[in-house]
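Protein chains in written order, with the numbering used here: chain A, 145 to 372; chain B, 16 to 340.
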């Protein structure tokens, strides 16, 4: 899923400073699951902003709504009648949600309330970690199901580098929280007797399928509606 | 077309020494954190005729310094053969190949291919890194430029192609230990000609690594230069032991460094005693490396202490350097 976290409250306050009527829009999908921008977080943030505006002596109208998915037009249509009433939409969706609102409602001014962090998963309660870099050319079968693009700090395809230290990445520092992806890959494949996979040199990556090839899109004719 | 190099891959001094079966000695020359060519001239003067080649680091530890290509060129001009380092951190394949064409045109003949320290360690942790390639694919790219006469993208090189003696690094002390010899084998397969290792302060573990390397027959396909270096202070020994990822320093060296200045009151004399011990340890390490099967030479990393290289090699009996025509 897409993992995000809420921006610092002071930053959000600054972003809405010039607006009198603000609609805080949550999203019921990824950011709900990672406790950043679901209905509950929207409620807490909206009341905090209401209180803060009262304390600051200039009370704002701050309303709230959460849609099922900010990144699809049909769900955004559920707020099309009210969105025009507001000076500003504060989106608690990921970066895609923010842009979907901006694209679907060209007249609306939108501000992000979250920082979109990465594509990942929850490791334990309150801890999320990155797992995919959306490079557009998956080789997870060659690396024991562990992604070196997303999880090696240098995205090495033929690791580990010389900074691998007792299973941790050289960037780990004192808290030692970052695993060396290549240590994980090597140990897993060697234990399985798949050294041959490791001995094969992975060629220089073709980054065209990644962001480096320009903004990406997928067109599938099999799914497109027939033109009248 | 490839230039005639009398059967050599690059014709560099380092290549000739190694091919002749002589025990090689390389050193390191760190470019300055400024634009002063004089720094290179001074350091080059300390290393001229002493080392078979000197590594010119490339933004080492991710700290901005004079570019390795410029410093290596100054080194050539001052009579010292450079081993130009190139990391994958700061350049993509276009910039790397462009620099290779330029470096060769400027007379640089040895190229050491590295992934590079992550920028988090340096003075620009906010920078975007590149890592278009890794050290393995970089080695292959340099080989393809030289032996395949083609760019990484497949286009043929028309005219002079860059013909480097290709170096790589290996850290026998990084984890996972059991995979390190195999990773070296991959670099050999990619086309590396010589390897310089991480600093060795754990000889038994290095010898275990070398035993596996020899068992795989890699020492016959690649020249392995063992990394050694003089320790300046007891603090430096402890720092390397405790703080540097992928480094191992046996306690005996820390203890020897601590014991070196004991009982000496004068601060300068105390520091000199420590430096003397550091040099002594380094000379001993070189001797142990010469006795280790599969080792073709030493790489002396006397970082910001270039003047130590000459006395070390002198005492190790490695001066004067052989001349191979």
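Where is the CB? At the ideal position from N, CA and C, for every residue including glycine.
Only buried fits residue 130 of chain B, as 16 or more other CB atoms lie within 10 angstroms of its CB. Going by DSSP, residue 47 of chain B is part of no alpha helix (DSSP H) at all; its letter is neither H nor E.
Taking 8 angstroms as the CB threshold, residue 197 of chain B lines the interface with chain A.
In terms of beta-carbon proximity, residue 192 of chain B stays away from the interface with chain A, with every pair separated by 8 angstroms or more.
When C-alpha distances from residue 277 of chain A are compared across A:263, A:271, A:240, A:284, the shortest belongs to A:263. Inter-residue distance for residue 151 of chain B and residue 103 of chain B is about 10 angstroms (C-alpha atoms, whole angstroms).
Between the C-alpha atoms of residue 366 of chain A and residue 174 of chain A there is a straight-line separation of about 27 angstroms. For the region 248-260 of chain B, residues whose beta-carbon sits nearer than 8 angstroms to a beta-carbon of chain A comprise 260. When the alpha-carbon of residue 334 of chain B is set against those of B:35, B:41, B:30, the nearest one is in B:41.
Only 297, 298, 299 from the region 279-299 of chain A bring a Cβ to less than 7 angstroms from some Cβ of chain B. With a threshold of 8 angstroms between beta carbons, residue 70 of chain B makes no contact with chain A. The Cβ neighbour count for residue 153 of chain A, taken over all protein chains shown within 10 Å, is under 16; the residue is labelled exposed. The three-state secondary structure of residue 295 of chain B, taken from DSSP, is helix.
The C-alpha of residue 146 of chain A lies about 33 angstroms from the C-alpha of residue 371 of chain A. For residue 53 of chain B, the number of other beta carbons within 10 angstroms of its own is below 16, and it is reported as exposed. Put simply, the CB of residue 304 of chain A is near chain B, with a gap under 8 angstroms to one of its CB atoms. Remark: C-beta atoms of residue 329 of chain A and residue 302 of chain A do not approach each other more closely than 8 angstroms. Taking a Cβ-Cβ cut-off of 8 angstroms, the neighbours of residue 146 of chain B in chain A comprise 298, 299, 300, given in sequence order. Residue 234 of chain A places its beta carbon less than 8 angstroms from that of residue 160 of chain A. Ranking A:185, A:314, A:238, A:164 by CA distance to the CA of residue 206 of chain A puts A:164 first. Using a 10 angstroms sphere on the CB of residue 321 of chain A, the tally of other CB atoms stays under 16, which defines it as exposed.
With respect to residue 213 of chain B, residue 188 of chain B sits close: the two C-beta atoms are nearer than 8 angstroms. Not flagged as an interface residue toward chain B: residue 322 of chain A, since no C-beta distance is shorter than 8 angstroms. Taking the Cα positions, residue 324 of chain A is about 17 angstroms away from residue 335 of chain A. Under a 10 Å Cβ-count criterion, residue 173 of chain B is classified as exposed, with fewer than 16 other Cβ atoms of the shown protein chains found around its own Cβ. Looking only at B:216, B:204, B:176, B:164, the smallest Cα-Cα distance to residue 186 of chain B is reached by B:216. Contact between the region 289-304 of chain B and the region 238-254 of chain B is present, with at least three C-beta pairs closer than 8 angstroms.
The beta strand (DSSP E) runs lying completely inside the region 245-330 of chain A and spanning 3 residues or more are 254-256, 258-268, 271-276, given in chain order.
The beta-carbon separation of residue 71 of chain B and residue 47 of chain B, rounded to 12 angstroms, does not stay under the 8 angstroms limit for a contact. Judged by their CB atoms, residue 146 of chain B and residue 299 of chain A are nearer to each other than the 8 angstroms cut-off. Positions of the beta strand (DSSP E) runs, each at least 3 residues long and wholly inside the region 176-251 of chain A, are given as 205-211, 232-235 in order along the chain. Distance from the CA atom of residue 336 of chain B to the CA atom of residue 283 of chain A, rounded to whole angstroms, is 49 angstroms. Per DSSP, residue 213 of chain B is one residue of the beta strand (DSSP E) stretching across 209-214.
Out of A:227, A:151, A:352, the CA that lies nearest to the CA of residue 239 of chain A is found in A:151. In its chain, beyond the 5 residues on either side, 305, 311, 312, 313, 333 have a beta carbon closer than 8 angstroms to the beta carbon of residue 38 of chain B.
Cβ proximity to chain B below 9 angstroms picks out 339, 342, 343, 344, 345, 346, 347, 348, 349, 351, 356 from the region 335-364 of chain A.
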